[in-house]
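Chains as they are written, first to last, in the working numbering: chain U, 3 to 417; chain H, 3 to 417. Note that the Cβ used here is the ideal one computed from N, Cα and C, for glycine as well. Given the structure is predicted, the values throughout are model-derived calculations rather than measurements. To keep things clear, I will list the structure first and then write my remarks on it.
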DNA sequence: CCTCTTTAATTCGAGGCTCGAAAAAAATAG
DNA sequence: CTATTTTTTTCGAGCCTCGAATTAAAGAGG
């Protein structure tokens, strides 16, 4: 609701449709009366909206799985999102791996495919071709009652321009400025969202634990690289131009260790897995780091750090300092919001926690009283997947199935 | 427009009233036809809204200062905001100084008062008493045709909680947690906004140069302390809890110089005027800094830095590094947005620019191509004043004069 | 087995809103 | 003094939400 936007009467219906769809998505199975209670809309309005949604095939009455029987009056009839009204696809692009999944409109997985690709040698066309091949396969093999493909969400490890659905730069491939959005959109005729995997993680967290990850929070991914997904004012913050929130490339030590981005002193150059490896393998911090660190090696180092006080432990301490320094700056800029640490770095939180806390708290000061609000999620992949799925589904809920006039809604042309 | 908000038919009118008021505020004198062109609303709607606004006394036809005559058809009649429908008050609270001003609804200054107060010795009650005294004076002496006081905006040098209209901490006074909002609101019976002066500067910049300071930008105040006002997605970013955006207290050097906030290594501890003075006067960086640095001393140091290469020049270099380091982190988090440097630090930009650029650009990297977008505004006070004024007036435009049903609008009860 | 009670959902009219088309208003041109 | 031109208002159609009344569909009880 901006100051330079004009409001029309049907915007009201649009917004209230969104509201109904959002409550149905959260609660799964709801009677009209429940929707009235949840939303605050009047029964008449809920009736009008739900009959329209049913007529358009977006939601449906679910006779069998009834809510509560054995009550006195007329029984409530449960409503639920129609799984078959649409299919969405998610693509996770990581180092040497592409993971594509199909979901129905209710969020149930339809089909899934993993594919190993040597991303470091792949040109942009190779990547796009791989992805399309996988999607074609998945779409071909899905059951006949599945809905039309209506949205694709990509979570990529790299810097993205969300507005233009483009991957600007990524450590996993030499090509830059890859317009996945354009390519996929042209081929499949649907809208495509391309965002950093951290944005997807944030989206997932908000869905999983809305109590804790409410209006403002950050998801920081500590793995091969270091990224951040930010939620501000209840909306994903995708930066002004690029997808931004490059937590890993905030400055930690001026003219410090060499980062994979080519600059010096970034947080990532101290706290990522390649930074840990570089340090514990006796390399200089100005040396070019390894491009791929396998999990076994990383865990080996972590275990050694846990058992004895040596170079390994020192490396994780350094990492803790770097992350703490970034957190303190983050907290200075946008308040001490809840933070989720995700990925391999979250599995070694015990090794970095002390230093991190020291740096964040500094020494007293007006903002030091509140304690850290940090939670750890060692496995990032389920979160990225779920985040992509929710991105697509919410897009359908709010953008595609929202318009007030049903006449031009894509469902009519679908299936 | 949030996903959990319910829309009602009169919200449409509310939003379109806002739109009309916003265009009138920006352009000053506009015919109904002009408003149609500017907003995209239909002539019928504009007619309906303007007649309502005129009936409520919020806007008025301005017969004399007509727009364009000498044209063929029926002449346009100019509309303008009614100055007399409301008065707003602004209060700027800085070290040893309180500045209070009254404006009419059109934004014209009615009365102004400066007051020297020893803020460093003042308890919260003293400050509140001083402010009330000034406001009482100003309100008493204003012309009889002036509108009722309807809003107060305070810009304070310190950390604020905008939601609770409270000053949490300030370097200018020993008391903390001062609820200026509650006190003034109770006394004058109007809404009160309390924000950091940097937020006010950002508000002013957006008003002064909307082309350049559009959706996303930052205003960084370099004077006694270092603060920042952020605009994100076209809205002032007031942080999650406190007013946040404490650019000056981002971490520059872990365990570094003592900052006035009590912690160590903040940017402010290197780049504020007291940091410059501390360094050039041969003190240790861990020493408690001066509480007040007068402008003459500061200029003296700057001049010496310009004329010869000594400790002074080094101090400004250090300051440039600190600011650059913060900017790089800021750019990492929220993209390279336009930045305004405001205050005494902006007057010595020539002394800090080189180092600042060096640190920001690092050494190449994927985000280094774009050049810095920085403008300087040596005098912060006019900006703070205008920002306070705009905060109050926009509050009236969007919150008070916006509600669709005119019956309960405060104007009816006013005067 | 039939009626009463209770709860759910729909229908209908009132009162908003915006908009397009037509009408009214207020000037200049000839 | 009339025709033309431009601005502004008026009026009806078609949205929207909401409250009240109505209809629908069960269980409870004699």
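Asked	Found
Where the beta strand (DSSP E) through residue 163 of chain U begins and ends	161–163
The stretch 170–188 of chain H / the stretch 354–364 of chain H touching (three or more Cβ pairs under 8 Å)	no
CB contact check: residue 153 of chain U to chain H, cutoff 7 Å	no
Residues that residue 157 of chain U bridges to, as DSSP identifies them	U:94, U:197
Cβ shell of residue 241 of chain H (< 8 Å), same chain only, five flanking positions each side left out	164, 247
Buried or exposed (CB count within 10 angstroms, at least 16 for buried), residue 388 of chain H	buried
Sequence ranges, alpha helix (DSSP H) only - wholly within the stretch 11–39 of chain H, length at least 4	11–29
Bridge-paired residues (DSSP) for residue 106 of chain H	H:89
Residue 160 of chain U at chain H interface by Cβ criterion, 7 Å	no
Boundaries of the beta strand (DSSP E) in which residue 111 of chain H is found, first to last residue	111–118
Stretch-stretch touch, CB-based, cutoff 8 Å, three pairs: the stretch 113–130 of chain H with the stretch 39–54 of chain H	no
Cβ of residue 17 of chain H within 7 Å of any chain U Cβ	yes
Residue ranges of each beta strand (DSSP E) within the stretch 317–392 of chain H, 3 or longer	341–344, 376–379
Beta strand (DSSP E) runs wholly inside the stretch 221–297 of chain U, at least 3 long, in chain order	228–234, 237–239
Distance between residue 22 of chain H and residue 42 of chain H (C-alpha atoms, nearest Å)	10 Å
Beta-carbon proximity check, residue 324 of chain U vs residue 292 of chain U, cutoff 7 Å	no
Endpoints, alpha helix (DSSP H) assigned at residue 168 of chain U	Per DSSP, residue 168 of chain U belongs to no alpha helix (DSSP H); it is in the beta strand (DSSP E), 168–171.
Beta-carbon gap between residue 205 of chain U and residue 386 of chain U smaller than 7 Å	no
Helix, strand or coil at residue 128 of chain H [DSSP, three-state]	helix
Against chain H: residues of the stretch 18–48 of chain U by CB proximity under 8 Å	18, 20, 21, 24, 41, 42, 43
Where residue 331 of chain U meets chain H, residues with beta-carbon distance less than 7 Å	252, 253, 331
Nearest-angstrom Cα separation, counted from residue 391 of chain U out to residue 132 of chain H	57 Å
Per-residue contacts from residue 468 of chain U into chain H (C-beta, under 8 Å)	Nothing can be reported for residue 468 of chain U: it is not among the residues displayed for chain U, which extend from 3 to 417.
Residue 81 of chain H: first and last residue of the uninterrupted beta strand (DSSP E) it sits in	80–83
Residue 182 of chain U in three-state terms, based on DSSP	helix
Residue 17 of chain U classed as buried or exposed, judged by whether at least 16 other C-beta atoms fall within 10 angstroms	buried
Between the CA atoms of residue 189 of chain H and residue 138 of chain H - distance to the nearest angstrom	10 Å
Same chain, Cβ closer than 6 Å to residue 327 of chain H, five either side skipped, listed in chain order	254, 361
C-alpha distance - residue 32 of chain U paired with residue 249 of chain H, whole-angstrom precision	46 Å
Residue from H:19, H:64, H:27 with nearest C-alpha to residue 2 of chain H	Limits of chain H in this structure are 3 at one end and 417 at the other, which puts residue 2 of chain H out of reach.
Residue(s) in a DSSP beta bridge with residue 219 of chain U	U:233
Interface flag, residue 367 of chain U vs chain H, CB-CB below 7 Å	Unreliable positioning characterises residue 367 of chain U in this predicted model, as indicated by a pLDDT of 46, which lies under 50. The coordinate reading is nonetheless provided below. Output row for residue 367 of chain U: interface = yes.
Per-residue contacts from residue 256 of chain H into chain U (C-beta, under 7 Å)	323, 327, 361
Own chain, CB closer than 8 Å to residue 337 of chain U, minus 5 neighbours either side, in chain order	218
Chain H contact residues for residue 6 of chain U, given Cβ-Cβ distances below 8 Å	21, 24
Bounding residues of the beta strand (DSSP E) (the contiguous stretch that carries residue 61 of chain U)	61–63
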